[in-house]
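Participant: Heads up: the sequence shown at position 198 corresponds to 272 in this note's numbering, and the numbers run straight through without jumps.
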Amino acid sequence: MRIDVVTLFPELVGAVAQHGVVGRAISSGIASLQLWQLRDFASDRHRTVDDAPYGGGPGMVLKAEPMLAAIAAARAASDQPVRVAYVTPQGRRFDHAAAQVLAKRPRLLVLCGRYEGVDERALELAVDEEWSCGDYVLSGGELPAMVMIDAIVRLLPGALGDAESAVQDSFVHGLLDHPHYTRPQTLGGQAVPPVLIGGDHERVRKWRLQQALARTWRRRPDLLDGLNLTDEQQRLLDEYRTQADADGRCPALDNQE
Ligand code: 9WO
75 MRIDVVTLFP ELVGAVAQHG VVGRAISSGI ASLQLWQLRD FASDRHRTVD
125 DAPYGGGPGM VLKAEPMLAA IAAARAASDQ PVRVAYVTPQ GRRFDHAAAQ
175 VLAKRPRLLV LCGRYEGVDE RALELAVDEE WSCGDYVLSG GELPAMVMID
225 AIVRLLPGAL GDAESAVQDS FVHGLLDHPH YTRPQTLGGQ AVPPVLIGGD
275 HERVRKWRLQ QALARTWRRR PDLLDGLNLT DEQQRLLDEY RTQADADGRC
325 PALDNQE
């Protein structure tokens, strides 16, 4: 997969390609990341990319022409067609399902805004889709672009080793992850759940699945609404809820507001 990013801070976005799973995927050729400095597409000798907003008010707006020129250059750098994505709180929520859809494409071109945003006419002319990583305002689109790149690239075939791929399974369920433990066996008076010590892989699998269901039910019941639980999952969740009713509250698993 080829990913192009238009940004005023290519070194910031490039950091995602220098570490860990994404770093390895890019050095091994599974993905490539091409960064386009928006300022290189300014046409005046001061390399101006922003201007005051029509209608007044504070801050600056990124000019349309440099953005459109950068998009044209990035688009033309490969023969394959590409969809242009803008990262903005006004976009569709970028979640794991969206990452799976985008990971099937051969190319993606991401635009990062700064200041108060991009001239709306550039977005209307060139943008095919808008993505939001969450309901907050940042100082620019670079961090959400990096979030998308990380989530997408790790899904590409061969990006994860066997051990890491197994971890992926819990998200494929659409559930929150189960808890994890490593040595020592007791810490601060807290023992590792005994089922994890016994070596019964089937009991471990069921316990982890039940923990994932319990956490999702406690913390993100909205995620369960979108799922069709298997008979086994429904049974494990019912069993947990029956026990939870008997035991009373479980603050550690509750949503912290
Ligand atoms: C600024 C602003 C000020 C008052 C009220 C609402 C406001 N929205 C913005 C705004 O969206 N500024 C953007 C900053 C301009 C373009 C890039 N910026 C950005 C992208 N901030 N946050 C994102 C973003 C993108 C994707 N997912 C989450 C946040």
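Cβ coordinates follow ideal geometry from the N, Cα and C atoms, glycine included.
#1: The beta strand (DSSP E) that contains V158, what's its start and end?
#2: Is L176 a contact residue of the ligand 9WO, with contact defined as CB to any heavy atom under 7 Å?
#3: Which residues share a DSSP beta bridge with V184?
#4: Does the ligand 9WO have a heavy atom nearer than 7 Å to the CB of L212?
#5: Can T162 be considered in contact with the ligand 9WO, in the sense that its beta carbon sits closer than 7 Å to one or more heavy atoms?
#6: Given a cut-off of 8 Å, decide if L287 and Q307 are closer than it, judged by their beta-carbon atoms.
#7: Quick check on the DSSP output: the alpha helix (DSSP H) that includes E190 runs from which residue to which?
#8: For the ligand 9WO, is there any heavy atom lying closer than 7 Å to the beta carbon of R188?
#9: Considering only heavy atoms of the ligand 9WO, does any lie closer than 7 Å to the CB of G215?
#10: Tell whether a beta-carbon distance below 8 Å holds between W205 and G263.
#11: Using CA coordinates, which residue listed in S106, V175, P84, V80 is at the minimum distance from A334?
#12: So what's Q174 in DSSP terms, helix, strand or just coil?
#13: What residue does the alpha helix (DSSP H) around S101 start on, and which one ends it?
#14: Locate the beta strand (DSSP E) running through L109, then write down its first and last residues.
Facilitator: Result, derived from the coordinates:
#1: Note, V158: beta strand (DSSP E), 158-167.
#2: For L176, the shortest separation between its Cβ and any heavy atom of the ligand 9WO does not lie below 7 Å.
#3: Partner(s): V79, A159.
#4: Yes, since a heavy atom of the ligand 9WO falls inside the 7 Å radius drawn around the Cβ of L212.
#5: Yes, the Cβ of T162 comes within 7 Å of a heavy atom of the ligand 9WO.
#6: For Q307 and L287, yes; Cβs fall inside 8 Å.
#7: Premise fails: E190 is in no alpha helix (DSSP H) and is neither H nor E.
#8: Yes.
#9: Flag set: Cβ of G215 near the ligand 9WO.
#10: For W205 and G263, no; Cβs fall outside 8 Å.
#11: The question about residue 334 has no answer here: the residues shown for the chain are numbered 75 through 331.
#12: It is helical.
#13: Start and end: 94-101.
#14: Counting along the chain, the beta strand (DSSP E) containing L109 begins and ends at 106-111.
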